[in-house]
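One structure below.
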Amino acid sequence: MSSENLVITPKRPKGDDGYKVFSIRIKEELVARMDDIATRTGRSRNELIGTFIEYALDRCVVETANVEES
73 MSSENLVITP KRPKGDDGYK VFSIRIKEEL VARMDDIATR TGRSRNELIG
123 TFIEYALDRC VVETANVEES
């Protein structure tokens with residue numbers, strides 16, 4: 073066969089890129105604040121959300137209540 077062949081490779085299944093798609097509900101005010109930051113920085117809303125979540129998860133501390141047994 074000649075080198076003019078069009079080679080089609082299998083497409084990765086969705087979700088195979090290390091990302092997961094899900095939906096959230098947030099206040100309109102938060103969306104407006106994110107959109108403002110997105111506009112000022114040239115970042116997408118999606119990129120900002122990922123950055124914000126990663127930042128929060130890296131700094132999250134879970135406290136457990138001390139329950140005394142009787």
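Per our numbering, the very first residue in the sequence shown carries number 73; after that it's consecutive.
Glycine included, each C-beta is placed from N, C-alpha and C at the ideal position.
At the C-beta level, Arg117 and Asp108 stay beyond 8 Å of one another. For Arg84, no alpha helix (DSSP H) encloses it, and the DSSP letter there is neither H nor E. Straight-line spacing of the CA atoms in Gly122 and Thr111 works out to 16 Å. In the three-state reduction of the DSSP assignment, Ile109 falls in the helix class. Gly114 carries a coil assignment under DSSP once its states are collapsed to helix, strand and coil.
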